[in-house]
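Comments concern the structure below.
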Amino acid sequence: TVQRLLNQAKGVLASRDGLHLDGAELLNGDGGLLSSQRLVDVTLSGALDNQGSGALVSEGSLTVKADQVNNQAGTFSSAGSLLVTSRGELNNQGGRLVTDAGATLNSTGFDNSRAGLVSAKGAVAIRTGALNNSQKGSIGGNTGVTLVAGLVDNGREGRISTKGTLDANLKGLLQQGGGSLVGERGVTLDLNGGTLDNHDLGLVSTPGALLLRQLGMVDNSVGGEISSDRAFTLAANTLNNQGGRLISSEALTLRIAKTLDNSLKGQVLATDGLAIESQVLDNRAGTIGSKGDARISVTSLDNAEQGSLVSEGRLELVADQVSNGNQGRIAARGVLEAAVGTLLQQGGELVSQGSLDLRADTLDNSQSGLIAANGGIAIEARQVDNRAGEISSTSKVAVNAREQLDNRGGKVIGDSGLRLTVQRLLNQAKGVLAGRDGLSLDGGELFNGDGGRLDSQNSLSVSLGGVLDNQGGALVSEGSLTARAARLDNRGGTFSSAGALALTSQAALDNQGGRLLSDAGVTLKGASLDNSRSGVISAKGAVDIRTGVLDNSRNGGIGSNAGITLVAARLDNGQQGRVSAKGLLDANLKGLDQRGGGVLVSETGVTLDLNGGTLVNRDGGLIATPGALLL
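Here the sequence shown is numbered in this note's numbering, starting from 1002 and rising by one per residue.
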C-alpha cells in the first residue's frame, strides 16, 4: 500500500502467491514489471502509467482499477481473467492487453490504435465511450466479443474479430481504409441510429447470423463489403454501395428509407432470395442478382448504363419510374412481373425465360430497346413507344395500349400468336407486327404505311373504329385475313392471304395502285371502292364486291380464277380497266362506263343487270364471254 509507486527503469515487483497494490499512482514505464504466479490486483485512486515497455504479468488473474490507465506500448498479460477498469481514459496505443482466459475492459474512452492489441482465448467484453481501434488496432476473443461503446473508429486496417459471436452496441462505426468486424459464429451490430462508414475496403462479415439494427446512414462504397452465409436484413436511412458488395449466401433483405446507391459496379447478391425496398435505387453500372426469387419495390429505379438486375427465379418489380436505357438489363429466369409508372429503356433489355407481365402508364422501348420472354408477354400501358425497338416471344404476345402504340421501325412478334388492343397504332417506317399462330388487332386507328407490315402464318384479324391507313404497307396472312374499319386506305399497299380475304369499310375503301390478293376468295364491302390507277383485286377463289361507286378505271384490275359478284351503284371500268373471271361474272349495277378500252369478260358466262342505268361501252369497250351473256 503506497501513495505513489515509481517502478520505471526495469524495476521489478514480483510475488509467487499474489501481488496486491493499493494506492494513488503507479509509474511502471520504461521496462517496469509487476508479476505474480497467482494473481495481480492493482487498485489506484489516480493514474496507472505503464507506457514504454512496462508490464503487468500474472499467471492467474489480473485486475486493474484506476482513474486513468496509460498502456502505450506496454503489456497487461494474464493466464487467468483480465479485468481493467479506468474511470477515465484507457490508452492502449501500441500496447498489449492479452489473456489466456477472458478480458473485461471498462472505461470512459478507449484508444487501441497504432497496432494496439486486445486478445483473449476466452471472451472479450468492452464497455467504453469513444473507441479508437484504427491503424491496425486489434480486438479479438476466441469465444466471443461484446462491445458497448459510443463512436468506434476501426478504420485503416483496424480489426475486431472473434471465432464466436460478436455483439456490438454502438453509436457509430467507422471502418474506412480496410477496417474489419468479423464473427465466425455471428455478428450483431446495433448502431442506435448512428452511421456505418465501411467504405474503402471495410468489412462486416460472418459465416453465421448477421443482425444489423438501427442503422442510420451506411457507406459501403469503394470496395466495402457486408456479407453473411446466412440470411440477413439491412435497414437504414441511406445506403451508399457504389463499388461495394452486399452478399448473402441465403436471403437478403434491404429496407432503405431514402436512397440506395449501387452504381459504379456496386454488387447486391443473394442466393436464396432478394427483397429491396427503397425510395430511390440507383443501379447504374451496378449488379443486383438473386439465384432465387427477387422483389424490388421502389419509387425510382435507375438501371441504365449497363446496370444489371437479374433473378434466377421469379422477379417482381414495383416502381413509379424506371430508367433501363443504354444497355441496362432487367432479367428473370422465371416469371417477370413489373408494375411501373414510367419505363424508359432506350437500348435496354427487359427479358424473361418464363412469362413477362408488364403494367405501365408510359413505356419507352425505342432505340433498340428489347422486351422478350420465352413464356409469353402481356403488356398493359397508356402509351407504348417501340420505335426501332423489339417486343418478342416464342410464345404469345398481348399488348393493350389505351392511347397509342408507336412501332415505327420497330418489331412486335409473338410466335404463338399476337393480340393487340390499341387505340392508335403507328407501324410505318418498316414496322413489323407478326404472329406466327395468329394476329388480331382491335382498336381505333392503324397507320401502316411506308413499308409497315402485319404478318401471320395463320389468321390475321383487324377490327378498328377509325381509319386503317395502309399506304405503301402490307398485311399478309398464310391463313385468312379479315379487316374492318371506318375507312380503309390501301393506296400502294398490299393485303395478301392464303385463305379468305374479307375487307369491310364503313366509308371509302381506297385501293388506288394497291393489291388485294388471295389464294382463296375475296369479299369487299364499303361505301365506295376505288381500285383505279393499276389497283389489283385478285383471287384464286370467288370475288364478292358490294359497294357504292366502284372505280376500276386507269388499268384497274379485278380478277378471279372462279366467279365474280359485283353489287355496286356505278362501275367506272374505263381507260383499260379490267374485270375478268374464269367462272361466272354476275354484276348488279346502276351504271357501267367502259370507255377507253374497258374490259368485262368471263370464260363461263356474264350476267349484267344495270337496273335501268346507262351502259357506255364505246371507244374500245369490251363485254364478252364464250358462255351465256345475260344483259
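Think of the CB as a built atom: it goes at the ideal place given N, C-alpha and C, for glycine as much as any other residue. As the structure is a prediction and not an experimental result, all values here were calculated from the model.
Here the alpha carbon of Gly1415 sits roughly 43 Å from the alpha carbon of Ile1227.
Around the Cβ of Lys1259, a 10 Å sphere holds fewer than 16 other Cβ atoms; the residue is exposed. Taking the CA atoms as reference points, Gln1368 sits about 28 Å from Leu1461. Taking every protein chain shown into account, the CB of Lys1397 has 16 or more other CB atoms within 10 angstroms, so this residue is buried.
Pairing Arg1039 with Arg1005 gives a Cβ-Cβ distance that is not under 9 Å. Taking a contact as a CB-CB distance under 8 Å, the pair Gln1280 and Val1299 counts as one, their CB atoms being some 7 Å apart. Apart from sequence neighbours up to five positions away, the residues of its chain that approach Leu1247 with a beta-carbon distance below 6 Å are Ile1227 and Val1269, ordered along the chain. For Gln1368, the secondary structure class from DSSP, reduced to helix, strand or coil, is coil. Under the DSSP assignment, Gly1187 falls in the beta strand (DSSP E) whose first and last residues are Gly1187 to Asp1191.
Taken through DSSP and simplified to helix, strand or coil, Ser1301 comes out as strand.
Among the bridge pairs identified by DSSP, Thr1196 is matched with none. In the structure shown, the three-state DSSP call for Asp1573 is strand. In the structure shown, the three-state DSSP call for Asp1068 is coil. When the five nearest sequence neighbours on each side are left out, the beta carbons in the same chain lying within less than 7 Å of the beta carbon of Gly1473 are those of Gly1450, Asp1451, Gly1452, Gly1493 and Gly1494, in order along the chain.
At the C-beta level, Arg1097 and Phe1077 come within 9 Å of one another. Residue state for Glu1060 is assigned as coil, using DSSP reduced to three classes. Considered as a whole, the stretch 1478-1562 harbours 1482-1486, 1488-1490, 1495-1498, 1502-1511, 1516-1519, 1523-1531, 1537-1540, 1544-1547, 1550-1552 and 1558-1561 as its complete beta strand (DSSP E) runs of no fewer than 3 residues, in chain order.
Using a Cβ distance threshold of 9 Å, Leu1364 and Leu1344 count as a contacting pair. Linking Ser1120 to Ala1010 through their CA atoms gives a straight-line distance of about 27 Å. Secondary structure of Thr1109 (DSSP, three-state): coil.
Less than 9 Å divides the Cβ of Thr1163 from the Cβ of Gly1184.
Assignment of Lys1412 by DSSP, reduced to helix, strand and coil, places it in the strand class. In terms of Cα proximity to Leu1057, the closest of Val1070, Ser1046 and Gly1047 is Val1070.
Between Asn1459 and Gly1432, the C-beta spacing is not below 9 Å. For the stretch 1163-1188, there is no continuous alpha helix (DSSP H) assignment of 4+ residues that stays within its boundaries. With 16 or more other Cβ atoms from the protein chains shown falling within 10 Å of its own Cβ, Val1477 counts as buried. Inter-residue distance for Ala1232 and Gly1274 is about 9 Å (C-alpha atoms, whole angstroms). Of the residues assessed, Leu1455 falls on the buried side of the cut-off, its CB having 16 or more other CB atoms within 10 angstroms. Apart from the 5 residues on each side of it in sequence, Asp1520 sits with its Cβ closer than 6 Å to the Cβ of Ala1499 and Lys1541 in its chain, given in chain order. For Glu1446, the enclosing beta strand (DSSP E) starts and ends at Leu1440 to Phe1448.
Contact annotation: Ser1181 and His1200 have beta-carbon atoms that are not nearer than 9 Å.
Straight-line spacing of the CA atoms in Ser1309 and Gly1480 works out to 41 Å. Cα atoms of Asp1262 and Leu1282: separation of roughly 6 Å, rounded to the nearest angstrom. Nearest neighbour of Arg1115 by Cα position, chosen from Ser1229, Asp1303, Asn1134 and Ser1108, turns out to be Asn1134.
By DSSP's assignment, Leu1631 forms a beta bridge with Thr1608. Under the three-state reduction of DSSP, Asn1133 is assigned to strand.
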